[in-house]
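Residue numbers (my numbering): 3 to 548.
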């Protein structure tokens, strides 16, 4: 489905519960405010905790966007002018002039491309071919259409025929000398009211007689032509004009050559490179039927896809391709990274425990009706990110909005929060890859990258049993993402403390300065927040190490 002309509210890669729930909530708020084509999206898989909350309120997961790089389907023109293969070139020229276009696809009856025509193709046919070239492959209906002519006699039909065209603007003897060098049946004569030339052409059995100036063929001429099987058309044009235009009766399919095509999913950046040697590219569906075209004008237009970022503001954490589209708003509760836009935008970034808090506050402040399901999702987002209001990132604003959301949902936040964390407390059930990568964020300091995942549990018994598998997963991520440090924060929500499992470069590991309890395992008492308690410390470690 094309992304153009839509606005997506989307969280960071490896989305956590707050990222998903705040996106759904803000998309609902925007629609209530009258914004069109706004929907929630996600830049990664839904984790088990988020799935539990979505299922609890029977809510659908946001649409998955692996990237937002503009594709052919996003930039192409649809409903474009096209012609059939039998269309005369003069009609194609008229369409180009009327529609102010330089590129017209030629399609078969099923809508599959046969080629395309450009202004240069038509100029070559009309002006650049030598005057001495008499042959034109065309059809009788095309000749009649191009010359605005009436078909008086037709022995040819609508099949393609190759004619050598002659102008009968000379004496009969000279005319016979010229005509005698060609096959009469493959000859077409353009003549005005010269009766002798008309009769001579018929006697010789030419394939087609074109009478110009609107002069009517006499009954005797028609009878003779009928007897000889000579087709006749009558045009109001003068002889010189008819001789000039007849070449443009050529069917479009006779002129087109190779054409460039693309699938709807081809990246616009790739199309831009291909357009360096092409006027236009035809976009076809899986059945090979044309659905649009892409020209340089399409590529140069500003992107029509808008993003509203929630729960992040750094492009390194945003959906791939975010830098190529319009970011029109940000709502976040993290540090402000290397973020910039072309135009001023609304940017809400506050030191609260979750982005869902900020979205719920907008509902309350604007006096918008919030559905129970949306209030429940936002409550889940707050409770997840603040660890049931126990995290040091929790503020009074979070506590206040939780009370407001309790009233809207009829839920007790402690019971609901415990249910949320209990639903995903089993490490063995999740597996090492999901546990480490489900909420893994990458940061940068001194030009070097580090990454930290986080998951919650009840007790550390399963952690110790699965530690080596978790460590292997961290090593894979370290190599894949070229990190100097790869770690995961394992938080016991009952005890209110965490273990920090880390692998990394020697210069970083030596400066971690955490109480070590095992190989690569550190105890972080009273630490619940990656953002507020761990990331600042690791930034300091990198500043000291590098």
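Using N, Cα and C, we set each Cβ at its ideal position, and we do this for glycine too.
Treat the numbers as computed from the prediction; the structure is a model and nothing was measured.
Within the continuous alpha helix (DSSP H) that includes residue i, where are the two ends?
{"i": "residue 586", "result": "What is shown of the chain runs 3 to 548, which leaves residue 586 out entirely."}
{"i": "residue 343", "result": "Segment: none, residue 343 is in no alpha helix (DSSP H) and carries neither H nor E."}
{"i": "residue 524", "result": "No alpha helix (DSSP H) holds residue 524; the beta strand (DSSP E) holding it covers 523-526."}
{"i": "residue 328", "result": "Looking at the DSSP string, residue 328 is not in any alpha helix (DSSP H); the run it does join, the beta strand (DSSP E), is 328-334."}
{"i": "residue 226", "result": "221-230"}
{"i": "residue 147", "result": "142-148"}
{"i": "residue 233", "result": "Taken as a continuous stretch (DSSP letters only), residue 233 belongs to no alpha helix (DSSP H), being part of the beta strand (DSSP E) at 233-236."}
{"i": "residue 25", "result": "19-34"}
{"i": "residue 542", "result": "537-547"}
Comparing C-alpha positions only, which one of the options sits nearest to residue i?
{"i": "residue 188", "options": "225, 139 and 195", "result": "139"}
{"i": "residue 226", "options": "250, 70 and 200", "result": "200"}
{"i": "residue 472", "options": "31, 433 and 220", "result": "433"}
{"i": "residue 383", "options": "361, 366, 370 and 365", "result": "361"}
{"i": "residue 113", "options": "287, 240 and 257", "result": "287"}
{"i": "residue 323", "options": "57, 67 and 59", "result": "67"}
{"i": "residue 537", "options": "443, 301 and 509", "result": "443"}
{"i": "residue 71", "options": "96, 336, 283 and 326", "result": "326"}
{"i": "residue 310", "options": "19, 184, 29 and 56", "result": "29"}
{"i": "residue 42", "options": "406, 61 and 501", "result": "61"}
{"i": "residue 93", "options": "12, 24, 252 and 156", "result": "252"}
{"i": "residue 247", "options": "521, 532 and 145", "result": "145"}
{"i": "residue 255", "options": "495, 31, 215 and 108", "result": "108"}
{"i": "residue 446", "options": "338, 399 and 351", "result": "338"}
{"i": "residue 484", "options": "507, 491 and 497", "result": "507"}
{"i": "residue 160", "options": "511, 230, 141 and 147", "result": "141"}
{"i": "residue 69", "options": "13, 196, 431 and 349", "result": "13"}
{"i": "residue 375", "options": "18, 57 and 220", "result": "57"}
{"i": "residue 258", "options": "126, 197, 223 and 495", "result": "126"}
{"i": "residue 476", "options": "439, 347, 450 and 174", "result": "439"}
Would residue i and residue j be called neighbours here (beta carbons separated by less than 8 Å)?
{"i": "residue 527", "j": "residue 499", "result": "yes"}
{"i": "residue 232", "j": "residue 204", "result": "yes"}
{"i": "residue 452", "j": "residue 503", "result": "no"}
{"i": "residue 448", "j": "residue 524", "result": "no"}
{"i": "residue 45", "j": "residue 73", "result": "no"}
{"i": "residue 167", "j": "residue 180", "result": "no"}
{"i": "residue 354", "j": "residue 397", "result": "yes"}
{"i": "residue 389", "j": "residue 493", "result": "yes"}
{"i": "residue 312", "j": "residue 357", "result": "yes"}
{"i": "residue 530", "j": "residue 468", "result": "no"}
{"i": "residue 422", "j": "residue 393", "result": "no"}
{"i": "residue 27", "j": "residue 370", "result": "no"}
{"i": "residue 193", "j": "residue 214", "result": "yes"}
{"i": "residue 7", "j": "residue 425", "result": "no"}
{"i": "residue 308", "j": "residue 9", "result": "yes"}
{"i": "residue 335", "j": "residue 352", "result": "yes"}
{"i": "residue 454", "j": "residue 490", "result": "yes"}
{"i": "residue 158", "j": "residue 207", "result": "no"}
I'd like the span of the beta strand (DSSP E) that includes residue i, first residue to last.
{"i": "residue 446", "result": "442-447"}
{"i": "residue 50", "result": "Residue 50 -> not in any beta strand (DSSP E); alpha helix (DSSP H) instead, spanning 50-58."}
{"i": "residue 40", "result": "40-44"}
{"i": "residue 504", "result": "499-506"}
{"i": "residue 551", "result": "Only positions 3 to 548 of the chain appear in the structure, and residue 551 is not among them; the question remains open."}
{"i": "residue 308", "result": "308-312"}
{"i": "residue 117", "result": "115-120"}
{"i": "residue 68", "result": "Residue 68 -> no beta strand (DSSP E), and no H or E assigned at all."}
Run through the region 75-101 for me and flag every whole alpha helix (DSSP H) of 4 or more residues, listed as ranges in chain order. Runs found: 91-101.
For the region 235-242 against the region 145-153, are there 3 or more C-beta pairs whose distance is under 8 Å? The region 145-153 and the region 235-242 touch, with three or more beta-carbon pairs separated by less than 8 Å.
The region 29-39 contacting the region 275-293, beta-carbon criterion three pairs below 8 Å: No, the region 29-39 does not touch the region 275-293.
Taking contact to mean 3 or more Cβ pairs, one atom from each stretch, closer than 8 Å, check whether the region 408-417 and the region 515-522 are in contact. Too few Cβ pairs lie closer than 8 Å, so no.
Cβ contact check for the region 271-285 and the region 51-59: 3 or more pairs under 8 Å: The region 271-285 is not in contact with the region 51-59.
Taking one C-beta from the region 260-267 and one from the region 81-99 each time, how about it: are there three or more such pairs within less than 8 Å? Contact between the region 260-267 and the region 81-99 is absent, because fewer than three Cβ pairs lie under 8 Å.
Examine the Cβ distances between the region 95-110 and the region 69-83 and report whether three or more of them are shorter than 8 Å. They touch, by the three-pair rule.
My parser needs the alpha helix (DSSP H) runs of 4 or more residues fully inside the region 161-208; what are they? The alpha helix (DSSP H) runs of length 4 or more contained entirely in the region 161-208 are, from start to end of the chain, 174-181 and 197-206.
Could you name each continuous alpha helix (DSSP H) segment of 4 residues or more that falls completely within the region 352-384, going from the start of the chain to the end? Counting only runs of 4 or more, we get 357-368.
With a floor of 3 residues, list each beta strand (DSSP E) that falls wholly inside the region 382-457, ordered by position along the chain. Complete beta strand (DSSP E) runs here, min 3: 442-447.
Just to confirm the assignment: which complete alpha helix (DSSP H) runs, minimum length 4, are found wholly within the region 238-279? DSSP runs (the alpha helix (DSSP H)) wholly in the region 238-279: 241-247 and 270-276.
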